[in-house]
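A.B. asks: Sequence lines, in order, name chains A, B and C. In case it helps, our numbering puts the first sequence at residues 183 to 476. In case it helps, our numbering puts the second sequence at residues -18 to 269. In case it helps, our numbering puts the third sequence at residues 2 to 258.
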Amino acid sequence: MSDYSITIGTFIAIQAIVACGLNVIVGYAGQISLGHAAFFGIGAYASALLTTAGGLSFWTALPIVLSITGFIGLVLGLPSLRLKEDFLAITTIGINFIVVSVFLYVPFFGGALGIGGIPRVMLFGERLRGTPFFLLCLGFLAAVLLISWLFTRSWSGLACFALREDEAAASSMGVSPVRFKLVAFVLGTAMAGLGGALYAHYMRFISATDFGFPMSIMFLSMVVVGGMGTLWGPVLGALILGVLPEVFRPLTDYRMFLYAALLLLMIRFQPGGLLGETSVARQIFTRLKGGHGR
Amino acid sequence: MQLFLEQLLNGLAIGAIYAMITLGLALVYGILRILHVAHAAVYTVGAYVGLAIFSSTHSLTLAVLGSMAFCAALGVLIERFVYYPLLKYPPYVPLIGSIACLLAIEELCRLVGGPEILPFPANLPFPSFTVGGILISSTLSAVYGISAGVLLLLWFITTKTELGLAMRATSQDRAIASSMGINSHWVISVTFMIGSAVAAIAGILVGIYYNQVYPTMGAVPAYKTLALIVVGGLGSVPGAVLAAVLLGVGETLLIGYAGIPLPRDALAFIAMIAVLLWRPQGLLGGRR
Amino acid sequence: MSEILLSLREVSMHFGGLKALDRVSFDLVEGEILGLIGPNGAGKTTCFNTVSGVYRPTLGEIRFGGIRTDGLPPHRMAALGIGRTFQIVRPFPDLSVIENVIVAMGLPCYRGLFSSCSSWKGRATRERAMELLAKVGLDSLASQKAGMLPLGNLRRLELARALALKPRLLLLDESFSGLRHEEVSRLEELVRQTRKEGISILLIEHNMRVAMGLSDRLVVLDHGQKLTEGSPEEVRKNPEVIRAYLGKGEGGGSNAA
């Protein structure tokens, strides 16, 4: 594989990890989160600071990064998740906005210049770059998918599904709405933090503008396009939306427009996502398999 | 004292413009419960179309009227193509559609109009005058005059006309309004037309006020207006207008008078968080 | 067997100026089927909602199994032993029928950190869920998406879910409305069967024949206040009750099957 493909692949793997986290919040628990990139950023900044100013290695810093991101998710989620849908949507936008503002204006985080000189990840004495780093990211992605899969099989996961379907009914069956929404939220934000840490050590330079609202929409689009609430949906979404701009690259100037137009058409005609149950892709697939209709 | 009053007047003008942009968003939310983020794109298009018409005809009147008509049509197009078919899905679906719309339209503006900041060298045919030693420029009086006129007209339509009654009925309960003979889809489309036309006026005013028209001019209003409808009370149009005016004044006084080094755009979200913590129904929100 | 399981004392529910419940007091004895009846708008579902934790009563006390429970949220009430059905059915539409029931079976696991991490896909869980489905006659539809079921089946699913909680008290909120004749008889039989297994039942019902036939005792509400209580025969002959129903222009047996 060419260097260029590895680069794209690494980005896709990292974004897929973050999208999986968002899928837990939005797809499994049915909560709206339009500020997910904020936690991507928190993970990135935490890992960057711990490994530069803090002198820790990526691996020592990682559990701390996950804890910090999850903890902030808990603190922000507690008041937010009690809000109804539209309030929650706007609040998560606000959270994204404020987190980015903090990164931009509080000098500790490097201000507009961001943080640079982030060291590479060391494994068995090797500085990881290129293909080995890509494989590391794939490894983490596999771990994240495994955790997601186990989550869907756990009582916690089932509780979240129930909340998503009907909160009042779920609550009358012993499912505490706040508790399980928080569980999903913390799990999702921790995954985003993991993605952020990998991103920081890949880019080796980060700044607040990488983590703004447009990025949150990117992640949400990945989850929606791939199929919300499915295991592989976010990965497929990350793949498609990661490859698409590259496909359009020759049309550089029209890239963003085509991307936005495609997203619009996708959501308009296939709101369930490509892996969703009524999707065209699934219908074609079943027909190819031998025509057993639904 | 002079500085305070000058900043107050500036703030009121900015607030009036915010109010005109937020109006469309609040109207749409009231009637469809959808966060019409793409509204900011309509506002941007309004500025561009106004500039284009003005550049070729040198008539501000034609520019305003033409832009209003174009944006009204655009608003209805968005409603019919994106929102109405997606109403039966969970709310994040039309929301993503709206955001995709915003991005696509902004990009179109950039592709058609170019990425540079374009000047809008129009003269607003409004008088300038001095009151108690403070100059009210023609631009300022234009903003006051036009926004007051628009808000008054809207107040009249919603409270005194049958259309307004139909709009209020449809926003309370679409199904029942339908069964009473109101063509609710038509009412919804009219709501979009009105909100979009007003946004066009706001876009032109802003373009002239700052002498700048550029593709991403809708980005910041997109987020601020969202915060504003929460602060005003989700579902309350007068609340949104009030919140908008207060924000305009607040931002300007905070930065221009008190000199507090907060990022100006954060004030809207801070106000929103404060509202959510202490008065979740917003300034004028009530029964919901 | 004659212990008081549920007790309401002076329970009031005010929504602004509206008194949906006004100083309602009654007891439910363990093992009985208590019917809650009254004309439309009398406050019956509001009463249910205060008992199951959806509303916190403005005034008054509710005791369940001796513990004060007014103001506790619904998930705590479920853990204490109250199961309920909903007047407008609330299935989990995208989950299968058997998964709907399994959600309720998770009650013991939801409180603990580790227990909520364990898997629900085990065979024992599935078998017990199938037993419950068989009891209500839905076992053949176990893997159907719940959202596709017709009303009659959805009402039975609600009952299966509530039973899966292993409740001490079952609240049935108009579970018979909208059902066909045979479905009503089948459901009546199920309710009687449930009581035989030791579960007490509080039911709201507009269908007078069902309410009179199933209940050991009745509590009559009107305009948020308790009008009277007593055996079906006593209540049927009570002139105030008759007036309450007829006075609203609604025949007492208007919803009789």
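Just so it is clear, CB atoms sit at the ideal spot from N, CA and C, and this is done for glycine as well.
Using a Cβ cut-off of 9 angstroms, pull out every chain C residue sitting near W331(A), in sequence order please.
C.D. replies: Within chain C, no residue comes near W331(A); the closest Cβ sits about 11 angstroms away, beyond 9 angstroms.
A.B. asks: Which of helix, strand or coil does DSSP assign to K69(B)?
C.D. replies: In the structure shown, K69(B) sits in coil (DSSP, three-state: anything other than H, G, I, E or B).
A.B. asks: Going by C-alpha to C-alpha distance, which of S120(C), F87(C), I34(C), G67(C) sits closest to S176(C)?
C.D. replies: F87(C)
A.B. asks: What is the DSSP secondary structure of G213(B), counted as helix, strand or coil?
C.D. replies: helix
A.B. asks: Between S358(A) and chain C, is any beta-carbon pair separated by less than 8 angstroms?
C.D. replies: Taking 8 angstroms as the CB threshold, S358(A) lines the interface with chain C.
A.B. asks: Go ahead and label F467(A) buried or exposed: buried means 16 or more other beta carbons lie within 10 angstroms of its beta carbon, across all protein chains shown.
C.D. replies: Residue burial is scored here from C-beta neighbours: F467(A) has fewer than 16 other C-beta atoms within 10 angstroms and is therefore classed as exposed.
A.B. asks: Given a threshold of 16 other Cβ atoms within 10 Å of its Cβ, counted over all protein chains shown, does K167(C) qualify as buried or as exposed?
C.D. replies: exposed
A.B. asks: Measuring only between beta-carbons, confirm whether F173(B) sits less than 8 angstroms from chain A.
C.D. replies: Taking Cβ atoms only, chain A never reaches closer than 8 angstroms to F173(B), which makes this a no.
A.B. asks: For L324(B), return the contacting residues in chain A, with the cut-off set at a CB-CB distance below 8 angstroms.
C.D. replies: Since the first and last residues shown for chain B are -18 and 269, residue 324(B) lies out of range.
A.B. asks: With respect to the beta strand (DSSP E) encompassing T111(B), which residues constitute its N-terminal and C-terminal limits?
C.D. replies: 110 to 112
A.B. asks: Determine whether the Cβ of G229(B) lies closer than 8 angstroms to any Cβ atom of chain A.
C.D. replies: No, its Cβ sits nowhere closer than 8 angstroms to a Cβ of chain A.
A.B. asks: Can you give me the Cβ contacts of G231(B) inside the same chain, cut-off strictly under 8 angstroms, excluding the 5 residues immediately before and after it?
C.D. replies: Excluding positions up to five away in sequence, the list reads G(-8), L248, A252.
A.B. asks: Would you list, in chain order, the members of the stretch 243 to 273 of chain A that have their beta-carbon closer than 8 angstroms to a beta-carbon of chain B?
C.D. replies: P261, L265, E267, D268, F269, A271, I272, T273
A.B. asks: Hey, would you say L116(B) sits closer than 8 angstroms to S109(B), going by beta carbons?
C.D. replies: yes
A.B. asks: Cα separation between M448(A) and V417(A)?
C.D. replies: Approximately 16 angstroms, taken between the alpha carbons.
A.B. asks: Assign A43(C) to buried or exposed, taking buried as 16 or more other Cβ atoms, counted over all protein chains shown, within 10 Å of its Cβ.
C.D. replies: buried
A.B. asks: Using the beta-carbon of each residue, which ones in chain C are nearer than 7 angstroms to M355(A)?
C.D. replies: A79, V104, A105, L108, R162, L166
A.B. asks: Give me the DSSP bridge partner(s) of S13(C).
C.D. replies: L60(C)
A.B. asks: I want to see whether chain C comes within less than 8 angstroms of A138(A), judged by CB atoms only; does it?
C.D. replies: This structure does not reach residue 138(A), given that chain A is present from 183 up to 476, and the question cannot be answered.
A.B. asks: Which residues does DSSP pair with F27(C) in a beta bridge?
C.D. replies: L9(C)
A.B. asks: Considering just the uninterrupted stretch of the alpha helix (DSSP H) at L96(C), what are its terminal residues?
C.D. replies: Note, L96(C): premise wrong, no alpha helix (DSSP H); not H, not E.
A.B. asks: Hey, could you find the ends of the alpha helix (DSSP H) Q197(A) is sitting in?
C.D. replies: 185 to 204
A.B. asks: Looking only at its chain, what residues have a beta carbon closer than 7 angstroms to the beta carbon of S358(A), apart from the 5 residues adjacent to it on each side?
C.D. replies: none
A.B. asks: May I have the straight-line CA-CA distance separating L105(B) from F35(B), to the nearest angstrom?
C.D. replies: 12 angstroms
A.B. asks: Tell me, which residues are paired with M304(A) by DSSP?
C.D. replies: According to DSSP, which records beta bridges pairwise, M304(A) is partnered with R309(A).
A.B. asks: Among the residues of its own chain, which have a CB less than 8 angstroms from the CB of Y227(A), if the five just before and after it don't count?
C.D. replies: F285, F291, I297, G378, A382, I388
A.B. asks: How long is the line joining the alpha carbons of V179(B) and A255(B), rounded to whole angstroms?
C.D. replies: 29 angstroms
A.B. asks: Please determine, among S403(A), L470(A), Q465(A), the residue with the shortest C-alpha to C-alpha distance to R450(A).
C.D. replies: S403(A)
A.B. asks: Measure from the C-beta of S216(C) to each C-beta in chain A and report whether the shortest distance is under 8 angstroms.
C.D. replies: For S216(C), the answer is no, since every Cβ of chain A falls outside 8 angstroms of its Cβ.
A.B. asks: Given that a residue counts as buried once 16 or more other Cβ atoms are within 10 Å of its Cβ, and exposed if not, what is F439(A)?
C.D. replies: buried
A.B. asks: If contact is defined by three or more beta carbon pairs under 8 angstroms, each pair taking one atom from either stretch, is the stretch 17 to 29 of chain C in contact with the stretch 70 to 90 of chain C?
C.D. replies: no
A.B. asks: Three or more C-beta pairs under 8 angstroms: does that hold for the stretch 248 to 263 of chain A against the stretch 192 to 199 of chain A?
C.D. replies: no
A.B. asks: Could you tell me whether the stretch 162 to 171 of chain B touches the stretch 29 to 46 of chain B, where touching means 3 or more Cβ pairs closer than 8 angstroms?
C.D. replies: no
A.B. asks: Taking one C-beta from the stretch 204 to 214 of chain B and one from the stretch -2 to 18 of chain B each time, how about it: are there three or more such pairs within less than 8 angstroms?
C.D. replies: Enough Cβ pairs lie closer than 8 angstroms, so yes.
A.B. asks: Could you run through the stretch 42 to 53 of chain C and flag, in chain order, every residue whose CB is less than 7 angstroms away from some CB of chain A?
C.D. replies: Listed by position, the residues of the stretch 42 to 53 of chain C near chain A (Cβ gap below 7 angstroms) are S53.
A.B. asks: Who are the Cβ neighbours of A351(A) in its own chain at under 8 angstroms, not counting the five residues just before and after it?
C.D. replies: A344
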